[in-house]
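Here the structure comes first, spelled out in structure tokens, and everything after it is commentary.
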Amino acid sequence: MQRHTTILLVDPETDFLEWAQHQLETPTTKVVTATNADEAWRFYSSEDPDLIITETHLSPFSGIELLVKARARNPNAMVILISAWGTTQSVIESMKLGAFDFIRKEALPFNLKPVVDAALKAQAEMRAATTFKPQLTVEEHQDSIVGKSLSMQNVFKMIGRVSLSEAPVMITGESGSGKELVARAIHHYSERSARSFVAINCAAMPEQLLESELFGHEKGSFTGAIAQRIGRFEQSNGGTLFLDEIGDMPPSVQAKILRVLQDGEFSRVGANATLQSNVRIIAATNKNLDQEVTKKNFREDLFYRLNVVRIVLPPLRQRVEDIRLLAEYFLQKVASQKHLPRLNLSEEAVRALEAHPWPGNVRELENTITRASVLATSDLLLPKDIPLGASYLNSMEASEAAAPRAAGAAATVDGAIEALLKAAQADPNVQLLPWLEREFTLYAIKATKGNQVRAAKLLGITRATLRKRLDRFNISADVSIKEEPPRAKEPAY
Ligand SMILES: Nc1ncnc2c1ncn2[C@@H]1O[C@H](COP(=O)(O)OP(=O)(O)OP(=O)(O)O)[C@@H](O)[C@H]1O
Ligand SMILES: [Mg+2]
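What the sequence shown shows, in the numbering used here, is residues 43 to 535, in sequence order.
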């Protein structure tokens, strides 16, 4: 006789329970519902259902605690959490505590059935005991990672999963997309969190210096080595070492990192003694490392060692639904840091932010919001208060990934057009001609240092037309705005 499957469904809202029960019940699947955590726990302890699907916000204790209790009782307990909120922290915690999945309520109509099927299948296959440590205390996270887009929810899940392991992690994404923040979060949620997190930028120094920075050196091992030095590997012993911009690591250093990963060993520069390493490595790059391997700039063997787990941070323009949330988070952050009242965003301002391509990603958004808060003249931010153009130009300097930079680097007009087309194709939101018009307008303003007469001439339009364009694209003509005091002077027109 076929075994019946029992699912326990927990949510305070009876409407939701009814809907989900209807979705999931089949002749062989029984769905039992509960509206609070006590009731759910009683049922769980006596009936041992195959799967729990629970809202995180429950009383008298949370869905996450229900997950912990269930998994403490049976390490193979299958739990799917659902939530209308799905904060970063709750998603990471849940995955770390062994939840099978975390689904935001708005995604349920599409995801419920497939996730439940996958969970039941996995449960049938997985009878071997899993080791995990229940961790009830959920501390305040200092630097939150904000995001409700599906792609960021997946990043949070990955953070939760990899924080349990010791495997190296590779984080890729454009400049300013949050790679370091994710690396810190992995450390924070890992068993190593009480030890140090040490970050080193591999692009920032010459080969020999980088080598001694990482591994240390003995006195006199090279000219200028006037004293013994302890390297970052020793400093971060027991903790996490974040190798930023690993795509720029010189070959000699790559070889030494490979040795650490293979044998867990390294030596100080100029020393014979071998030291043991107990460091978890997280690497990040905004280069396309697969391509660097093909071009033989990066060792293939090291690439495979590092690439055990890959977390890809999508550019901000591909997660437009996060922009409002991030902007509000940054407004809150500036307000509390600078002890200012919190400003609000007008709907028009949100739309302007959402339409911006953010080549400098989240960092550019953060800078933009910070600057707007400082310059604001009222407590409601309108598009005119948000200097998108200027901030865009500033962050362009920092952003290697930005398309027009690639175009600038191309030696021919054809090359430039090709680079622009490629950049535009990579972004589903780009409409090529309006986008180009905006890019060229920005460039002209920048090239002429904000001189509108010259910029208009360069673009081949009248000054009046230029002004309309600046307005339409929400570009601030005052490209020199940087750290000016509140109440910036009006632009010259
Ligand atoms: N999802 C996010 N939520 C909140 N803040 C974020 C988020 N992503 C990035 N930030 C903030 O944006 C800034 C840039 O992030 P971070 O330094 O992690 O980017 P990065 O990818 O390492 O950039 P780069 O390649 O230029 O080094 C930081 O101030 C970080 O706190
Ligand atoms: Mg970084």
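The beta carbon of each residue, even a glycine, is placed where N, CA and C say it ideally should be.
C-alpha distance - P446 paired with V416, whole-angstrom precision: Mapped onto the sequence shown, residue 446 falls at position 404. Mapped onto the sequence shown, residue 416 falls at position 374. With a pLDDT of 39 at P446, under the threshold of 50, the predicted position of this residue should be treated as unreliable, though the coordinate-derived value follows. Whole-angstrom Cα-Cα distance: 29 Å.
Close beta carbons around T316, own chain, < 6 Å, minus the five adjacent residues each side: Along the sequence shown, one-based indexing puts residue 316 at 274. E307, S309.
Any non-hydrogen atom of ligand 2 closer than 8 Å to D290 Cβ: For the purposes of this step, residue 290 is identified with residue 248 of the sequence shown, where counting begins at 1. Incorrect: D290 has no Cβ contact closer than 8 Å to ligand 2.
Status (buried if at least 16 other CB within 10 Å, exposed otherwise) for E182: To locate residue 182, count along the sequence shown from 1; it is residue 140. Only weak support is given to the placement of E182: the predicted model assigns it a pLDDT of 33, under 50, and the value that follows is read from those uncertain coordinates. That one is exposed.
Assigned secondary structure, V376 (DSSP; H/G/I helix, E/B strand, else coil): Against the sequence shown, residue 376 aligns to sequence position 334. V376 falls in the helix class under three-state DSSP.
A505 in three-state terms, based on DSSP: In the sequence shown, the residue the question calls residue 505 occupies position 463. For the sequence presented, residue 505 should be read as Arg rather than Ala. Looking at R505 - three-state DSSP - the assignment turns out to be helix.
Cut-off 6 Å between Cβ atoms - residues of its own chain near M291, not counting five sequence neighbours on either side: The residue labelled residue 291 in the question sits at position 249 within the sequence shown. Excluding positions up to five away in sequence, the list reads C244.
Reference L387, options R359, K426, P399, closest by Cα: Against the sequence shown, residue 387 aligns to sequence position 345. With distances taken between Cα atoms, L387 lies closest to K426.
Neighbourhood of ligand 2 [Cβ distance below 6 Å to any heavy atom], ordered by chain position: K221, E222, D286
Identity of the residues DSSP links to Q250 by a beta bridge: In the sequence shown, counting from the first residue as 1, residue 250 sits at position 208. According to DSSP, which records beta bridges pairwise, Q250 is partnered with nothing at all.
Runs of alpha helix (DSSP H) wholly within the stretch 271-308 (minimum 4 residues, chain order): Those alpha helix (DSSP H) runs which fall completely within the stretch 271-308 and span 4+ residues are 274-277, 293-305.
A141 beta carbon near ligand 1 (any heavy atom closer than 8 Å): Stepping through the sequence shown from its first residue, residue 141 is reached at position 99. Incorrect: A141 has no Cβ contact closer than 8 Å to ligand 1.
Assumed close pair S205, I228 - CB separation to whole angstroms, cut-off 8 Å: As a working note, residue 205 is residue 163 in the sequence shown. As a working note, residue 228 is residue 186 in the sequence shown. Confirmed, about 5 Å.
Inter-residue Cα distance where the pair is T412 and K380: Against the sequence shown, residue 412 aligns to sequence position 370. Against the sequence shown, residue 380 aligns to sequence position 338. Straight-line Cα distance between these residues: approximately 10 Å.
Inside the stretch 191-226 only - beta strand (DSSP E) runs reaching at least 3 residues: 211-215
Under the three-state DSSP convention, the category F58 falls into: For the purposes of this step, residue 58 is taken as the residue at position 16 of the sequence shown. In this structure, F58 counts as helix in the three-state DSSP scheme.
Reference F515; option with closest CA among L478, A325, K111: Walking along the sequence shown from the start, residue 515 turns up at place 473. Closest by alpha carbon: L478.
Given D80 as reference, the closest of E67, P357, T96 once Cα atoms are compared: By 1-based counting over the sequence shown, the position of residue 80 is 38. It is T96.
Collapsed DSSP secondary structure at T48 in the structure displayed: Along the sequence shown, read from residue 1 onward, the residue named residue 48 stands at position 6. In this structure, T48 counts as strand in the three-state DSSP scheme.
Reference D92, options S104, P102, E334, P117, closest by Cα: Against the sequence shown, residue 92 aligns to sequence position 50. The option with the nearest alpha carbon to D92 is P117.
Residue range of the unbroken beta strand (DSSP E) whose run includes S125: Along the sequence shown, read from residue 1 onward, the residue named residue 125 stands at position 83. Note, S125: beta strand (DSSP E), 121-125.
Start-end ranges of the beta strand (DSSP E) lying completely within the stretch 62-103, minimum 3 residues: As far as the stretch 62-103 is concerned, its whole beta strand (DSSP E) runs of at least 3 residues are 71-76, 93-97.
The alpha helix (DSSP H) enclosing A394, as first and last residue numbers: In the sequence shown, the residue the question calls residue 394 occupies position 352. 389-397 is the extent of the alpha helix (DSSP H) around A394.
Closest Cα partner of L256 within the set A236, S294, R226, S136: Residue mapping note: residue 256 aligns to position 214 of the sequence shown, counting from 1. Cα-wise, what sits closest to L256 is S294.
Alpha carbon of E287 to alpha carbon of V495, nearest angstrom: For the purposes of this step, residue 287 is identified with residue 245 of the sequence shown, where counting begins at 1. For the purposes of this step, residue 495 is identified with residue 453 of the sequence shown, where counting begins at 1. It is roughly 41 Å from the alpha-carbon of E287 to the alpha-carbon of V495.
Any non-hydrogen atom of ligand 1 within 8 Å of A326 CB: As a working mapping, residue 326 is identified with position 284 in the sequence shown. Under cutoff, so the answer is yes.
Test item: CB-CB of R322 and R234 under 9 Å: Stepping through the sequence shown from its first residue, residue 322 is reached at position 280. Stepping through the sequence shown from its first residue, residue 234 is reached at position 192. Yes. Within cutoff.
M194 Cβ short of 8 Å to ligand 1 heavy atom set: If you number the sequence shown from 1, residue 194 lands on position 152. Yes - ligand 1 has a heavy atom lying nearer than 8 Å to the Cβ of M194.
S186: CB within 8 Å of a non-hydrogen atom of ligand 1: Along the sequence shown, read from residue 1 onward, the residue named residue 186 stands at position 144. Yes, the beta carbon of S186 sits closer than 8 Å to at least one heavy atom of ligand 1.
Bridge partners - R352, DSSP secondary structure assignment: As a first step, residue 352 must be located in the sequence shown, where it is residue number 310. Per DSSP, M212.
DSSP three-state assignment for N153, whether helix, strand or coil: As a first step, residue 153 is located in the sequence shown; it is residue number 111 there, counting from the start. It is helical.
Sequence-distant residues of its chain with Cβ nearer than 8 Å to N279 (five each side left out): In the sequence shown, the residue the question calls residue 279 occupies position 237. Cβ within range, chain order: R237, S319, N320, V321.
Cβ neighbours of S101 in the same chain (closer than 7 Å, five flanking residues each side left out): Position 59 of the sequence shown holds residue 101. Result list for S101: N78, A79, in chain order.
Cβ pair L300, R352 closer than 9 Å: In the sequence shown, residue 300 corresponds to position 258, counting from 1. In the sequence shown, residue 352 corresponds to position 310, counting from 1. No, the Cβ-Cβ distance between L300 and R352 is not below 9 Å.
Member of L283, I268, T71, G266 whose CA lies at the smallest distance from the CA of H230: Stepping through the sequence shown from its first residue, residue 230 is reached at position 188. The residue with the shortest Cα to Cα distance from H230 is L283.
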